[in-house]
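Scroll down for the structure; my scribbles are underneath it.
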Amino acid sequence: ETITIATVNNGDMVRMQKLTDDFTAKNPDIQLEWVTLEENVLRERVTTDIATKGGQYDVMTIGTYEVPIWAKQQWLLPLDGLGADYDAADIIPAIAGGLSADGKLYAAPFYGESSFVMYRKDLMEKAGLTMPDAPTWEFIADAARKMTDRAADINGICLRGKAGWGENMAFLTAMSNSFGARWFDEKWQPQFDQPEWKNTLQFYVDLMKEAGPSGASSNGFNENLALFQQGKCGMWIDATVAASFVSNPKDSTVADKVGYALAPDTGLGKRGNWLWAWSLGIPAGTQKAEAAQKFVSWATGKGYLDLVASKEGWANVPPGTRTSLYNNPEYQKAAPFAKMTLDSINSADPTKPTVKPVPYVGVQFVAIPEFQGLGTTVGQLFSAALAGQSSVDDALAGAQTASVREMTRAGYIK
Amino acid sequence: MARAVSTRRKIGFTVAAWVVALLIFFPILYTIITSFKSETEAIAGFSLVPSGTLESYAEVQAQSNYFKFFLNSVIIAVGSTILALVVAVPAAWSMAFSPTKRTKDILMWMLSTKMMPAVAVLVPIYLIFRDTYLLDTRIGLTVMLMLINLPIVVWMLYTYFREIPGEILEAARMDGATLWGEIVYVLTPMAVPGIASTMLLNIILAWNEAFWTIRLTTTNAAPLTAFIASFSSPQGLFWAKLSAASTLAIAPILIMGWFSQRQLVRGLTFGAVK
Amino acid sequence: MGNITLNKVSKSFGTTTIIPELDLEIEDGEFVVFVGPSGCGKSTLLRLIAGLEDTSAGKISIDGRDVTGEAPAKRRLAMVFQSYALYPHMTVYKNIAFPLKMAGEDAAVIDKKVKDAARVLNLTNYLERRPGQLSGGQRQRVAIGRAIVRQPSAFLFDEPLSNLDAALRGTMRLEISELHHQLKTTMIYVTHDQVEAMTMADKIVVLNAGNIEQVGSPMELYKTPKNLFVAGFIGSPRMNLINGAAAARHGATTIGVRPEHLGISTTAGEWKATVGVAEHLGSDTFLHVQAGDVGTLTVRADGELGVRHGETVYLTPSPNKIHRFGADGRAM
Amino acid sequence: MGNITLNKVSKSFGTTTIIPELDLEIEDGEFVVFVGPSGCGKSTLLRLIAGLEDTSAGKISIDGRDVTGEAPAKRRLAMVFQSYALYPHMTVYKNIAFPLKMAGEDAAVIDKKVKDAARVLNLTNYLERRPGQLSGGQRQRVAIGRAIVRQPSAFLFDEPLSNLDAALRGTMRLEISELHHQLKTTMIYVTHDQVEAMTMADKIVVLNAGNIEQVGSPMELYKTPKNLFVAGFIGSPRMNLINGAAAARHGATTIGVRPEHLGISTTAGEWKATVGVAEHLGSDTFLHVQAGDVGTLTVRADGELGVRHGETVYLTPSPNKIHRFGADGRAM
Amino acid sequence: MATRQTSTLARFMMAPSVILLFIWMIVPLAMTLWFSFQNYNLLNPANVSFAGLFNYKFFYTDPAFFQSIWNTLVLVVGVLLITVIGGIALALLLDQPMFGQGIVRILVISPFFVMPPVAALVWKNMIMHPGYGVFADFAKFFGAQPVDWFAQFPLFSIIIIVAWQWLPFATLILLTALQSLDGEQKEAAEMDGAGIVSRFIYLTIPHISRAVTVVILIQTIFLLGVYAEILVTTNGGPGYASTNLPFLIYRTALLGYDVGGASAGGIIAVILANIVAFFLMRAVGKNLDK
Ligand SMILES: Nc1ncnc2c1ncn2[C@@H]1O[C@H](COP(=O)(O)OP(=O)(O)OP(=O)(O)O)[C@@H](O)[C@H]1O
Ligand SMILES: Nc1ncnc2c1ncn2[C@@H]1O[C@H](COP(=O)(O)OP(=O)(O)OP(=O)(O)O)[C@@H](O)[C@H]1O
Ligand SMILES: [Mg+2]
Ligand SMILES: [Mg+2]
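Residue numbers (the working numbering), protein chains in the order written: chain W, -12 to 401; chain X, 126 to 399; chain P, 171 to 502; chain E, 171 to 502; chain Y, 6 to 295.
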């Protein structure tokens, strides 16, 4: 039996591919075929396929965004055959919450992440400041301005700017949560005309203008990673997985100088961090559900963590999925950012992401089918504001119009 | 015009041409150079001297089976080209040697079929492919690319054929050749340069087609465009690896293009000569 | 065998009629030459016979068999095109062998026939060359070779020599005549060259705007042209045509005298004339003279004749060589 | 003005010498024709004069001025190319006007000159056409028009009529001669056509493999060819060249008799011969006869002559028209 | 060649191509047309309903719609300008005598063999990136502020990338056309006293006009559909600065999964493309018949 697995091309997934000998040794009658694609293409591919019932895949790598939507359409098989030793209860509750519907798990998390602040201890010291474990945006802005030294090619803060629902909008939506903003009110009325959003965007644009790198409007995760690794950023707020890259001396010139803190807040009760998990789901149409479940169980089970640890060391274990991992002293030793990561994850709640109530699920996204397109449109407008090509007010007005339009069309606004 | 060109002038042109050529080639050259760097080197600023490490290639090969993608690319590109020729040669023959008032319009219409944005028809096509069990099959993709490039093939062949004197075909007819004989023994061999360059262009276009080849395949039929899609923008540093993958993806067609450069130059004129 | 009959054949392209109704009978073994001004329909007629064009009306039969609707390949005719239309990608051998191959002959038979043809045409040493590596005359012979191997019922030649230079044309002309002597196959030959038409033809067909003006042997046409058109068309330099009083004196609207039939004298003669341009060819001299109201005349004189520009000469037409034409342009 | 002098001019392409050292003097107003077999270097010589090729050595002067290193545009020569080389996208008017426009002439002046040239060349009605819409002869005239508007010191023509059909060639020949009479400008004219060379030239230069074999007036070359090459090259049909005993009897290694200088009789004469092919042109008959050990001879006979294939005839060369050549091929 | 037999045959021989292309055109077109009148979101397949012209209206009222059409035209025209002018200049240069002509030509045509996504990735990451790109390195070397290409000149940057890919194609065709210019015509012009510039204006340009037509026609067809380069580099932004029609459709189809809207967009794009093609044929089509 051959099962076809669609995965995203990030390091952890690629590593899993290399380790599948272990799985095939245990399940000699199952062969694995891999389709590795970059994130956006992968999402298009699997969505087209599942929505048209193309039946090309037996296991799909999907994010927290897709799971609730697909589960609602009953496109995914509930994962109830993962085996006795799977220990679903061990999955970090915040993560599991985002992957479940009606109490059933529809996708098994392969790795999970939140976002937090990574900063340069040396530069912070030079600026005469000390980073608290839970900073406020005010502090961050102040520190960023103080750390900025354009002559030495050091920018106080690096943030995402590239347009896209999973790029700048992931960051900005999470950030807006901490400013008390929300995408929609309970009647699905878009909220970009509210002061909270104005505060968020104005703060972001001003901060980046004064303390951000040039070309920020086309920077995504990778660009910022490279900047930080080369010592060009004082702070960087991004995915928790980045910690293992910036602290890796092989790639990073600042590996020994990195400190971590929770994402900032404004004291309203929500922090500006997100929650995301790449998970393995099984499409409802597959003929090979049993084999697929076996694979999912293997790839997301505890055994896999041990396998990676034994082969490549604890630092390379996929993070963010299991509480037991964070209780493991060996892991804590190998990953100094472990605690901060777990705290970050736990401080996000996809079911109650914002200060004010909202009708949707998702921290840095809105789990409705229309969000990808709408998010990208809004992302484009916001990146234009960042690039200085339009004002913050215009960007917000544009976002509001586009949202009302889209939501009306989709029938949310009656 | 066979007057002596002074060596100084020639050197001048040589320098100018080389500078321009290297500028144009630079992005490719730099990609190749970068593929021999380590990841940290790759972002460490401008440098034309790589450390010569093969680690990126090793990683690329470890991550995916290059050869399988390569083979699919070859099969799909060559297959669709041959298929297109088989269909297009007779059509071009009719247009060139038995033109009617509507020949030009038909040609234009054929070209206009290329104007439908691919994204807009993805869902319909995906549904069709699903229902005909052609998803992720080489044959499906081959037919698809054949259809996409058919208009260009017909047009190119038509312009070549038009330059073949009709009298030669008439001579064959007088010599007792059937239509089949006429096309196989006379027309096709005579049009070999044109057909060759049409083939080349079509292979290049098919090789580089990156929308359908990714969207309609999963594992069995995925060509090098899908291979590239698995290397662009993952998390982490990836430029050296991306360069290595890019180099691997374009190398075969680049080398083929270099070797057949002369053919291509002759062929790409679409009868622009005369 | 090679008897070709055209019965009320006509041809139009769209609304333009190129050939109005036309009858023609070509006998077996004859060498027929079509001549006429450019665009008069010579090639079209040939192509109708070959089957490369459809007739608009009428019937074509070969050896009594109606072939009007038949494909060219079935008509057992061989055609030599003006451009030769050799297959550039085949060797001489293959070019010649092609019709045999198409007819499905045995390899051995093909080999023998090709070699025979090559010998006749002096091409034996070139069999392995491509047409591109041959001189014009050699190409010509390959085209003929391709035609003769099949032993067709008739050969069709469309201005086969017009691309060659003068010297080669002379040689090739002789070779084709020679071939006709040997094979005794019907040949239809289109040309606009006087010399070719006169020297090669058994029968010349003079066409004008798709109509047959006259059919006859070369000497017949030369000596007794039926009308002004033929008179002007056959013979080089062309016949002097004189209207007006000089013609009336001979009881005709127009009289024609060929340049070679004008006697020239410095002392006395029928017409007094002033010498204009004199073209000395060595062997002959063509004098273009101005003969008062008779008009401009061309006279062929001896090569040694020593007259100069502006001199006065006297011309006398040979009396029995005067052609007389009526008002309708027909010979009287 | 248009005196052209070539002084020890030679030309090689790479290691092949096309033209070994050559001297030539062309006088103002002369009509000089270059003839010679294909590939002998006629075009090359013309292009050297035009400046389209560099000389390998030697000096070219025009009107006494050394122009060896000068660009073509500066030499004040006009050239008419074999292919006409008209500008296909320009109208006839613009084609003719082009050199004037390049010379920066006034629009009014240009207009006048172009119209004048068009009148002379009978092109007035075609000024707005493109070259593609003209017949061969008309194109030819446009090419000439483009050349004459500039009033150059000399015209260079490279086989300008070789693409035309026979009738048109005749007409164009006369027109060019006429033009030379009118303009009295030096003209250098390359051709491989006998008739053109003989009728148009003031002076013929016979070239062979880059060497000048003889220079002289047409009649000089016809009557007293300096060597076998010129003898064979000038005259049509070509001179009969006879070796062996028949020649020895005239005290020469080779003797030459032109076809028009052989008397023919059915009863008696110097050489007995059998008639082979007879080519009847109407005006003349060319007999190809087999004269025993004298070899094959061509005889030009009267058009009315009625001899047949296989008959015996007797030939007598006009005694004072026999050309005698020594063992080195030179005339004695 | 015009016997009834052959023309009947000709029609037969055309049939496969015409039928195949017809099916290839009509089936997706019909389906697209059908979908364009439906409310159909791929992620909500249960909820399909008749939408009338709403999809068209929705697409047409998209705030990015007019800008995307404008951007599409700017992209096409910009790339055409660069490739045609650059192609002529390059072709002229390559036509000169020089050492190593073969290699130079190979280098110049190489970009044509590079897959569009690869080209975009390479340009974006290694050439134009304001931090690590070669351009930035040079700017820094000369002490200048690196240009943030994709933020400041998004459309122009994309034009450059696309032009880089198509320049070889234009160069090749124009070069061949140049080389086919009759030598005697050039010589005649020279004898007529025309200098280099005049020869270029009066001879070369008219001579290669047909080749230019071919370049324009073929490239326009491909350029009207460019979107991969945009997706990889700017994602249509900042704002809508680099959103063209195909990208807008992409956004609707593969981000919004709005099949109905994307279909309407597709139909609109086809209509616009045909309008462009019509004017193109009117403007340059007669060049093809020469
Ligand atoms: N396919 C065609 N469509 C329309 N008219 C045609 C076609 N073919 C030939 N003609 C016209 O028919 C006439 C006769 O053409 P044809 O080729 O038979 O002349 P021709 O006597 O061979 O002339 P030439 O001596 O120049 O070869 C010409 O006026 C030509 O323009
Ligand atoms: N560019 C060149 N390189 C090498 N050889 C050349 C070149 N141009 C001409 N030749 C050679 O020089 C010789 C003379 O050529 P040219 O064109 O002058 O002959 P021609 O007398 O004009 O012949 P034709 O009557 O056939 O036109 C030929 O053998 C030709 O092959
Ligand atoms: Mg004809
Ligand atoms: Mg020549």
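We put the CB at the ideal spot given by N, CA and C, even for glycine.
* What span of residues does the beta strand (DSSP E) with V483(P) cover, start to end? -> Along the third sequence, one-based indexing puts residue 483(P) at 313. It spans T482 to P487 - the beta strand (DSSP E) in which V483(P) sits, taken as one unbroken run.
* Under the criterion of a Cβ to heavy atom distance below 7 Å, does I374(P) qualify as lining ligand 1? -> Indexing the third sequence from 1 puts residue 374(P) at position 204. Using a cutoff of 7 Å, the CB of I374(P) does not count as near ligand 1, since none of the ligand's heavy atoms is closer than that.
* **L440(W): first and last residue of the uninterrupted alpha helix (DSSP H) it sits in** => Residue 440(W) is absent from the structure shown; chain W starts at -12 and stops at 401.
* Would R16(Y) count as contacting chain P if we go by Cβ distances under 8 Å? -> Taking the fifth sequence and counting its residues from 1, the one referred to as residue 16(Y) is at position 11. Closer than 8 Å: no.
* What do you reckon, is the C-beta of H351(P) under 7 Å from a heavy atom of ligand 2? -> The residue given as residue 351(P) occupies position 181 in the third sequence. Checking every heavy atom of ligand 2 against the Cβ of H351(P), none is found closer than 7 Å.
* Where A69(Y) and L126(Y) are concerned, what is the direct C-alpha to C-alpha distance, given to the nearest angstrom? -> Here residue 69(Y) corresponds to residue number 64 of the fifth sequence, with the count starting at 1. Here residue 126(Y) corresponds to residue number 121 of the fifth sequence, with the count starting at 1. The straight-line gap from Cα to Cα measures roughly 25 Å.
* Which residues count as close to ligand 2 when the rule is a CB under 5 Å from any of its heavy atoms, in chain order? -> If you measure from each CB to the nearest heavy atom of ligand 2, the residues under 5 Å come out as A127(X), F183(E), I188(E), S208(E), G209(E), C210(E), G211(E), K212(E), S213(E) and T214(E).
* Could one say the Cβ of Q10(Y) lies closer than 8 Å to chain P's Cβ atoms, at least one of them? -> The residue labelled residue 10(Y) in the question sits at position 5 within the fifth sequence. For Q10(Y), the nearest CB of chain P lies under 8 Å from its own CB, placing it at the interface with that chain.
* DSSP-derived helix/strand/coil call for T294(P) -> Numbered from its first residue, the third sequence carries residue 294(P) at position 124. Looking at T294(P) - three-state DSSP - the assignment turns out to be helix.
* Asked: So G211(P) packs on I189(P), CB below 8 Å; how close in whole Å?
  -> Sequence index remark: in the third sequence, residue 211(P) carries index 41 (1-based). Sequence index remark: in the third sequence, residue 189(P) carries index 19 (1-based). Cβ atoms of G211(P) and I189(P) come within 8 Å of each other, at about 5 Å.
* **Neighbour-count burial assignment, H350(E), 16 or more Cβ in a 10 Å radius** => As a first step, residue 350(E) is located in the fourth sequence; it is residue number 180 there, counting from the start. H350(E) comes out buried.
* Asked: Around the Cβ of W441(P), are there at least 16 other Cβ atoms within 10 angstroms (buried) or fewer (exposed)?
  -> Stepping through the third sequence from its first residue, residue 441(P) is reached at position 271. Classification of W441(P): buried, given that the 10 Å Cβ count is 16 or more.
* Are the segment 24 to 31 of chain Y and the segment 439 to 459 of chain E touching, with three or more C-beta to C-beta distances below 8 Å? -> Between the segment 24 to 31 of chain Y and the segment 439 to 459 of chain E, the count of C-beta pairs closer than 8 Å stays below three; the two stretches do not touch.
* Asked: Is DSSP giving A168(W) helix, strand or coil here?
  -> For the purposes of this step, residue 168(W) is taken as the residue at position 181 of the first sequence. Coil, per DSSP.
* To do: Pull out every residue of the segment 241 to 259 of chain X whose Cβ sits closer than 9 Å to any Cβ of chain Y, in chain order.
  => Result list: M241, P242, A243, V244, A245, V246, L247, V248, P249, I250, L252 and I253.
* Out of curiosity, what's the CA-to-CA distance linking W124(W) and D293(W)? -> If you number the first sequence from 1, residue 124(W) lands on position 137. If you number the first sequence from 1, residue 293(W) lands on position 306. For the pair W124(W) and D293(W), the Cα-to-Cα distance works out to about 38 Å.
* CA nearest to the CA of H392(P), picked from Q460(P), A367(P), G446(P) and N378(P) -> Taking the third sequence and counting its residues from 1, the one referred to as residue 392(P) is at position 222. Going by the sequence as given, residue 392(P) is Tyr instead of His. Of all alpha-carbon atoms in Q460(P), A367(P), G446(P) and N378(P), the one lying nearest the alpha-carbon of Y392(P) is that of A367(P).
* To do: Could you tell me which chain W residues have their CB closer than 7 Å to the CB of A354(X), listed as they occur along the chain?
  => Position 229 of the second sequence, counted from the first residue, corresponds to residue 354(X). Contacts between A354(X) and chain W, judged by CB atoms closer than 7 Å, involve L24, E25 and V28 in chain order.
* Check: G302(E) C-beta below 7 Å from any heavy atom of ligand 1 -> Taking the fourth sequence and counting its residues from 1, the one referred to as residue 302(E) is at position 132. Every heavy atom of ligand 1 is 7 Å or more from the Cβ of G302(E), so no.
* Excluding five sequence neighbours on each side, which residues of the same chain lie with their C-beta closer than 7 Å to the C-beta of S355(X)? -> Position 230 of the second sequence holds residue 355(X). Excluding sequence neighbours, S355(X) sits near S189.
* Assigned secondary structure, K40(W) (DSSP; H/G/I helix, E/B strand, else coil) -> Working through the first sequence from its first residue, we reach residue 40(W) at position 53. DSSP, read as helix, strand or coil, puts K40(W) in coil.
* Asked: With a cut-off of 8 Å, do at least 3 Cβ pairs link the segment 308 to 317 of chain P to the segment 286 to 294 of chain P?
  -> A contact is defined here as three or more CB-CB pairs under 8 Å, and the segment 308 to 317 of chain P meets this definition with respect to the segment 286 to 294 of chain P.
* **Reduced DSSP secondary structure (H/G/I, E/B, other) of M126(X)** => The residue labelled residue 126(X) in the question sits at position 1 within the second sequence. For M126(X), the predicted model reports a pLDDT of 41, less than 50, meaning its position is unreliable; a value from the coordinates is still stated below. Coil.
* Any Cβ of chain W within less than 8 Å of the Cβ of L48(Y)? -> Counting from 1 along the fifth sequence, the entry for residue 48(Y) is found at position 43. Between L48(Y) and chain W, the shortest Cβ-Cβ separation is below 8 Å.
* **For A335(W), the nearest candidate out of G207(W), W263(W) and L188(W) (CA to CA)** => Stepping through the first sequence from its first residue, residue 335(W) is reached at position 348. Nearest C-alpha to A335(W): W263(W).
* Asked: Between the beta-carbon of V214(X) and the beta-carbon of L282(X), is there less than 8 Å?
  -> Position 89 of the second sequence holds residue 214(X). Position 157 of the second sequence holds residue 282(X). Between V214(X) and L282(X), the CB-CB gap stays under 8 Å.
* Asked: Are the beta-carbon atoms belonging to P322(P) and R246(P) less than 8 Å from one another?
  -> Sequence index remark: in the third sequence, residue 322(P) carries index 152 (1-based). Sequence index remark: in the third sequence, residue 246(P) carries index 76 (1-based). Contact: yes.
* To do: Indicate whether the contact test is met: 3 or more Cβ pairs, each with one atom in the segment 238 to 248 of chain W and one in the segment 161 to 173 of chain Y, closer than 8 Å.
  => Remark: fewer than three beta-carbon pairs, one from each stretch, lie closer than 8 Å, so the segment 238 to 248 of chain W and the segment 161 to 173 of chain Y are not flagged as touching.
* Which runs of the beta strand (DSSP E) spanning at least 3 residues fall entirely within the segment 212 to 250 of chain W, listed in chain order? -> Annotation: the segment 212 to 250 of chain W contains the following complete segments of the beta strand (DSSP E) (minimum length 3 residues), in chain order: 220 to 226 and 245 to 249.
* To do: Examine ligand 1 and report whether any of its heavy atoms sits within less than 7 Å of the Cβ of T186(P).
  => As a first step, residue 186(P) is located in the third sequence; it is residue number 16 there, counting from the start. At least one heavy atom of ligand 1 falls within 7 Å of the beta-carbon of T186(P).
* Near V398(X), what residues of its chain come up, given a Cβ to Cβ distance below 7 Å and the 5 sequence neighbours on each side ignored? -> The sequence position of residue 398(X) within the second sequence is 273, counting from 1. With a pLDDT of only 33 at V398(X), under 50, the local geometry of the prediction cannot be trusted, and no value is derived from it.
* Counting only beta-carbon atoms, is Q188(X) nearer than 8 Å to chain W? -> Here residue 188(X) is taken as the residue at index 63 of the second sequence, counted from 1. Yes, Q188(X) counts as interfacial toward chain W.
* Short check: CB of G288(W) to CB of Y73(W), under 8 Å? -> For the purposes of this step, residue 288(W) is taken as the residue at position 301 of the first sequence. For the purposes of this step, residue 73(W) is taken as the residue at position 86 of the first sequence. It is a contact, given that the beta carbons lie within the stated cut-off.
* **Cross-chain neighbours of F117(Y) in chain X, by beta carbon under 8 Å** => On the fifth sequence, position 112 is the one that residue 117(Y) refers to. The answer, in chain order, is I329 and G382.
* Would you mind stating whether W305(X) and M18(Y) have Cβ atoms separated by less than 8 Å? => Against the second sequence, residue 305(X) aligns to sequence position 180. Against the fifth sequence, residue 18(Y) aligns to sequence position 13. Not in contact: W305(X) and M18(Y) (Cβ atoms no closer than 8 Å).
* Asked: Leaving out five residues before and five after L297(P) in sequence, what residues of the same chain have Cβ atoms less than 7 Å from its Cβ?
  -> Position 127 of the third sequence holds residue 297(P). Within the same chain, L297(P) has close Cβ partners T261, V262, Y263 and A288.
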